[in-house]
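Everything on this sheet refers to the single structure shown next.
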């Protein structure tokens, strides 16, 4: 039976409750003695996926996107989103209540300085903002003669009467054969990176999970245990986790590494560090301002910067890489079965986007190893494929007809995390589709074949994927690639291939390679494989060189390739990649899929015509 257990297609959000809830919030703000309030789409850890009880922005505004912020004042309110969500916000937020603003073109700080008045007070929840964000909001208020005020409790929590309780997902141990390094060894490495600080406050649950070799189940699609930890320069660490999430075995194992305390003890613990005059490192990306404020009020020194565990986690060890390769072979076989099924069924004109999502998850679940999908599947037909962050719902669900179908999906297995996009021709593609697809493919191959010296950043190679499009006056707005975790987040920093990718790439880092092209209202194209940075030996080289090994194994639709645009080296790469896909996956799939795979991975110059 084809079904989805990890993704819902229900329509979430909408404008129906916005006016009433904003009116109720304004009453609560008046009682709290503030003029307005900032509502971020965030939890206490700045996670991409947040628990239901942290979806305050969705509850208030009806906007269900993964990034955004609202500001509510006495007589006006604004919702800020980025370009991914402009159209979505228009349909989900009550525009008689909320002004819609582009978060880049008109940042919240500019709006604050223009709309706050002298003597007014803007409230915020210090648990949901980083120190840097608080600093920027405070400066904007001062510019207007107003004041930014930290509230002791979030006023939305008081009026959200059916707010879900905090999650209690059970914590499990990440087995040594997947982790590849003991937690004790990781802890010692992290201590060495502390420099002058007395300790490190770990606020990123991904880093908590990786450092102590645990995984959790508190949020969707990423196996996170929501909690904090303190790593002192000397002595036992302290982990702040709800004891109800710990089995006796996990509690005993963690108890050998650290002191275990309840989350509500964290603020008092940080206050005590402050009274001792401690210098504590905090992660600039995830630390709640409440903690840095508490430490410094008590007499300590907060050093806000990059958590060293983040970079340690990014460079995968041998066991993690072996797990990634195994996960991609397993996932590639499931994807091949799906693609073969899709090729047969789509031509009949009976499939919808939701049908495809259900089928793909079902094939992955049939491996017996699927823990979750790594993000909600993007499955776009026709014009929906031109929306890079499209999410199919019951109301948007489209029948798959002649043209382009794009599917971007991933899986969470205990040994690795996957993320892959394939663009598929349904029927005979147009010459324009083939031209654009081939230019995207040429950019994809340029990244896959890239060789670069040690110290190179993602920003330095981002343009390689864009050159074939630039030559035709085309481009795409998203980055070429993001980092990927090891049975953790499918979006992992600090490394990325993008104009903003300033972290040097080092061996062991896993990234996506996903250039694209989007013709608004018509079709979209994206080709995504995961790659891992590896040393590259070049005879006579004068510098230490690096390159990429491609991890993803899935055929690229040759019906969309314009062979005239491919040079010999690109054709050789594609033929070699397909030969590898065929060799690795053929023993792992059923005979009908094996026959289909043989045709889809044949040499480019012997490709069959459109079917």
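Residue numbers (the numbering used here): 4 to 614.
Beta carbons: idealized from backbone N, C-alpha and C, even for Gly.
Residue 174 - DSSP class collapsed to helix/strand/coil: Taking the first residue of the chain shown as position 1, residue 174 is located at position 171. Reduced to three states, the DSSP call for residue 174 is coil.
Helix, strand or coil at residue 202 according to DSSP, with G and I counted as helix: Numbered from 1 along the chain shown, position 199 holds the residue referred to as residue 202. Looking at residue 202 - three-state DSSP - the assignment turns out to be strand.
Own chain residues within Cβ distance below 6 Å of residue 288, not counting five before or after: Stepping through the chain shown from its first residue, residue 288 is reached at position 285. Same-chain partners within the cutoff: there are none.
Per-residue DSSP class, three states only, for residue 210: Position 207 of the chain shown, counted from the first residue, corresponds to residue 210. Of the three classes helix, strand and coil, the one that applies to residue 210 here is helix, per DSSP.
Minimum C-alpha distance to residue 180 - residue among 329, 200, 415, 505: Against the chain shown, residue 180 aligns to sequence position 177. Here the closest residue by C-alpha is 329.
Continuous alpha helix (DSSP H) assignments of at least 4 residues falling wholly in the segment 91-167: 111-118, 134-146, 158-162
Cut-off 8 Å between Cβ atoms - residues of its own chain near residue 407, not counting five sequence neighbours on either side: The sequence position of residue 407 within the chain shown is 404, counting from 1. Closer than 8 Å at the Cβ level, and outside the excluded window around residue 407, lie 384, 385, 388, 426, 427, 428, 429, 432, 436, 526, 527, 528.
Distance, residue 191 Cα to residue 210 Cα: Your numbering for residue 210 matches position 207 in the chain shown. Your numbering for residue 191 matches position 188 in the chain shown. Answer to the nearest angstrom: the Cα atoms are 14 Å apart.
Where residue 1 falls: helix, strand or coil (DSSP): Past the edges of the chain, shown from 4 to 614, lies residue 1, and the structure says nothing about it.
Inter-residue CB distance, residue 281 and residue 308 (contact presumed, cutoff 8 Å): Position 278 of the chain shown, counted from the start, is the residue given in the question as residue 281. Position 305 of the chain shown, counted from the start, is the residue given in the question as residue 308. Wrong, their Cβ atoms sit about 16 Å apart, outside the cutoff.
Candidates 183, 321, 133, of which the one nearest residue 305 by Cα: Taking the chain shown and counting its residues from 1, the one referred to as residue 305 is at position 302. Residue 305 has its Cα closest to that of 133, out of 183, 321, 133.
Beta carbon of residue 264 nearer than 8 Å to that of residue 241: Your numbering for residue 264 matches position 261 in the chain shown. Your numbering for residue 241 matches position 238 in the chain shown. Yes; because the gap between Cβ atoms is below 8 Å, this pair is in contact.
Given residue 80 as reference, the closest of 131, 95, 108, 26 once Cα atoms are compared: Numbered from its first residue, the chain shown carries residue 80 at position 77. The shortest Cα separation from residue 80 among 131, 95, 108, 26 belongs to 26.
Limits of the alpha helix (DSSP H) - the one that residue 448 falls within: As a first step, residue 448 is located in the chain shown; it is residue number 445 there, counting from the start. Taken as a continuous stretch (DSSP letters only), the alpha helix (DSSP H) holding residue 448 covers 434-451.
Close beta carbons around residue 18, own chain, < 7 Å, minus the five adjacent residues each side: Locating residue 18 in the chain shown gives position 15, counting from the first residue. Excluding sequence neighbours, residue 18 sits near 65, 95, 96, 97.
Beta carbon of residue 559 nearer than 8 Å to that of residue 577: For the purposes of this step, residue 559 is identified with residue 556 of the chain shown, where counting begins at 1. For the purposes of this step, residue 577 is identified with residue 574 of the chain shown, where counting begins at 1. Yes, Cβ-Cβ distance for residue 559 and residue 577 is below 8 Å.
Closer than 7 Å: residue 484 CB and nearest the ligand ZN heavy atom: As for the ligand ZN, it is missing from this structure, which has no ligand bound.
Endpoints, the beta strand (DSSP E) within which residue 375 is located: By one-based count along the chain shown, residue 375 stands at place 372. From DSSP, the beta strand (DSSP E) with residue 375 extends over 373-376.
Reference residue 153; option with closest CA among 37, 23, 504: For the purposes of this step, residue 153 is taken as residue 150 along the chain shown, with counting starting at 1. Looking at the Cα atoms, 37 is the closest of the given residues.
Residue environment, residue 601, which counts as buried when at least 16 other CB atoms sit within 10 Å: The residue you call residue 601 lines up with position 598 of the chain shown. Residue 601 comes out exposed.
Supposed contact pair residue 139 and residue 112 - C-beta distance, whole angstroms, cut 8 Å: Counting from one through the chain shown, the residue named residue 112 turns up at place 109. Counting from one through the chain shown, the residue named residue 139 turns up at place 136. Sure, about 5 Å apart at Cβ, within 8 Å.
Residue 70 (DSSP reduced to helix, strand or coil): Position 67 of the chain shown, counted from the start, is the residue given in the question as residue 70. Coil at residue 70, not helix or strand.
7 Å CB neighbourhood of residue 612 in its chain, flanking five on each side removed: Start at 1 with the first residue of the chain shown, and residue 612 comes out as number 609. Any reading at residue 612 needs caution, since the residue's pLDDT is 46, under 50, leaving its predicted position unreliable; the model's value is listed next. Once the five neighbours on either side are set aside, residue 612 has no close Cβ partner at all.
Cβ shell of residue 544 (< 6 Å), same chain only, five flanking positions each side left out: Along the chain shown, one-based indexing puts residue 544 at 541. Cβ within range, chain order: n/a, list empty.
Selection from 337, 60, 502 that minimises the alpha carbon distance to residue 158: The count along the chain shown starts at 1 and reaches residue 158 at position 155. The candidate whose alpha carbon is nearest that of residue 158 is 60.
Proximity below 8 Å, CB of residue 466 to CB of residue 501: Position 463 of the chain shown, counted from the start, is the residue given in the question as residue 466. Position 498 of the chain shown, counted from the start, is the residue given in the question as residue 501. Contact: no.
Residue 181 - containing beta strand (DSSP E), residue span: Mapped onto the chain shown, residue 181 falls at position 178. Element bounds for residue 181: not the beta strand (DSSP E) but the alpha helix (DSSP H), 179-182.
Local conformation of residue 415 per DSSP, three classes: As a working mapping, residue 415 is identified with position 412 in the chain shown. Of the three classes helix, strand and coil, the one that applies to residue 415 here is strand, per DSSP.
Sequence-distant residues of its chain with Cβ nearer than 8 Å to residue 469 (five each side left out): Counted from its first residue, the chain shown places residue 469 at position 466. 446, 478, 479, 483, 518, listed in sequence order.
Touch test, the segment 392-400 against the segment 483-496, Cβ-Cβ under 8 Å, three pairs minimum: no
Closest Cα partner of residue 41 within the set 53, 62, 74: Position 38 of the chain shown, counting from 1, holds the residue named residue 41. It is 74 whose Cα lies nearest to the Cα of residue 41.
Sequence-distant residues of the same chain with beta carbon closer than 6 Å to residue 326, five excluded per side: Taking the first residue of the chain shown as 1, we reach residue 326 at position 323. Same-chain partners within the cutoff: 181, 418, 419.
Contacting residues, own chain, Cβ-Cβ under 6 Å from residue 381 (five flanking each side not counted): For the purposes of this step, residue 381 is identified with residue 378 of the chain shown, where counting begins at 1. Contacts found: 393, 411.
Contact under 8 Å by Cβ, residue 43 with residue 170: Walking along the chain shown from the start, residue 43 turns up at place 40. Walking along the chain shown from the start, residue 170 turns up at place 167. Result no, Cβ atoms of residue 43 and residue 170 do not sit closer than 8 Å.
Residue 271 in three-state terms, based on DSSP: Here residue 271 refers to the residue found at position 268 of the chain shown. Helix, per DSSP.
For residue 235: DSSP bridge partner residues: Locating residue 235 in the chain shown gives position 232, where the first residue counts as 1. DSSP lists 202 as partners of residue 235.
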